[in-house]
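In what follows, a single structure is set out as structure tokens and then discussed.
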């Protein structure tokens, strides 16, 4: 009998090690992961992103999720997820389409890993929210997880400590 795929979504404010953690877990478990689409998409734009760009990003996140689920790996690791995109739409544009809210409610995630802001914020060409904005967004992500009643774990420490903590979390999902 085939074991059910476990789905882990990594979330948290900017510059908290989400991508590094996703790659490390994919290597550790020898599974593919869904990379952060928003970053690569926005980096290739030669203009400021728009509301329509963020909508496209949301649709792509759902598409990538569905493609990965069809492959039926034992574990799916999502480097960021639709929840961040929803908050991005709300904060920047003050409007979120109802289909995104519905997708967040309906698409199955076994647990969320919230990378804490205990790592220093490192600016780059895409990041916009350091300092107090980073702290506020982090609290918003956690509050949204609570609002949806999603299971989550706050992951702290250096990169190796985070990886070890997450391996324990994933083991507990069995």
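Numbering (the numbering used here), first residue to last: 55 to 228.
For glycine and all other residues, C-beta sits at the position ideal for the given N, C-alpha and C.
In the structure shown, what three-state DSSP assignment does residue i receive?
{"i": "residue 204", "result": "coil"}
{"i": "residue 133", "result": "strand"}
{"i": "residue 72", "result": "helix"}
{"i": "residue 55", "result": "Confidence at residue 55 is low in this model, with a pLDDT of 43, below 50, so its placement is unreliable and no value can be given for it."}
{"i": "residue 64", "result": "strand"}
{"i": "residue 123", "result": "helix"}
{"i": "residue 209", "result": "strand"}
Roughly how many whole angstroms lie between the Cα atoms of residue i and residue j?
{"i": "residue 198", "j": "residue 124", "result": "27 Å"}
{"i": "residue 160", "j": "residue 82", "result": "29 Å"}
{"i": "residue 204", "j": "residue 149", "result": "22 Å"}
{"i": "residue 176", "j": "residue 77", "result": "19 Å"}
{"i": "residue 163", "j": "residue 64", "result": "10 Å"}
Do residue i and residue j have their CB atoms nearer than 9 Å?
{"i": "residue 131", "j": "residue 85", "result": "yes"}
{"i": "residue 143", "j": "residue 69", "result": "no"}
{"i": "residue 118", "j": "residue 91", "result": "yes"}
Locate the beta strand (DSSP E) running through residue i, then write down its first and last residues.
{"i": "residue 104", "result": "Premise fails: residue 104 is in no beta strand (DSSP E) and is neither H nor E."}
{"i": "residue 96", "result": "Careful: residue 96 lies outside any beta strand (DSSP E), inside the alpha helix (DSSP H) at 91-98."}
{"i": "residue 168", "result": "165-169"}
Which word fits residue i, buried or exposed, when buried means at least 16 other C-beta atoms lie within 10 angstroms of its C-beta?
{"i": "residue 193", "result": "exposed"}
{"i": "residue 140", "result": "buried"}
{"i": "residue 135", "result": "buried"}
{"i": "residue 188", "result": "buried"}
{"i": "residue 138", "result": "buried"}
{"i": "residue 106", "result": "exposed"}
{"i": "residue 115", "result": "buried"}
{"i": "residue 99", "result": "exposed"}
{"i": "residue 195", "result": "buried"}
For the alpha helix (DSSP H) that contains residue i, what are its first and last residues?
{"i": "residue 159", "result": "152-160"}
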